[in-house]
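Heads up: the structure comes next, in structure tokens.
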Amino acid sequence: MNTIMLWVIQTSAEVALGILIEKLLSDTNTKRASKLLKHQVLVVYLNWVLLKTPLDPKKLHQYLEQQQG
């Protein structure tokens, strides 16, 4: 009896895990994860650029004045 119950539990778990993996690897989820990863990489890159770019307030002020007219 215990062997049958273990077999049923194991088979049920395998089926449930298979369905879960199919849903996780679906095209929609893969595209969403890819898009999220691209955004995260972009944010990390922009953060790095901003940290490495020296900020001179006088030059920034001159640049903004030039852009306004």
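For my numbering, count along the sequence shown from 1 and bump the result up by 225.
Ideal Cβ positions, reconstructed from N, Cα and C, are used throughout, including at glycine.
Here the structure is a predicted model, which means the values were calculated and not measured.
If you look at Asp252, you'll find it in the alpha helix (DSSP H) that goes Asp252 to Lys277. Spanning the alpha carbons of Leu267 and Ala241 requires a straight line of approximately 36 Å. Membership of Met230 in the alpha helix (DSSP H) is indicated by the continuous run Asn227 to Leu249. CA-to-CA, the gap between Lys263 and Tyr270 works out to about 11 Å.
Close CB contacts of Asn227 within its chain, under the 8 Å cut and outside five residues either way in sequence, are absent.
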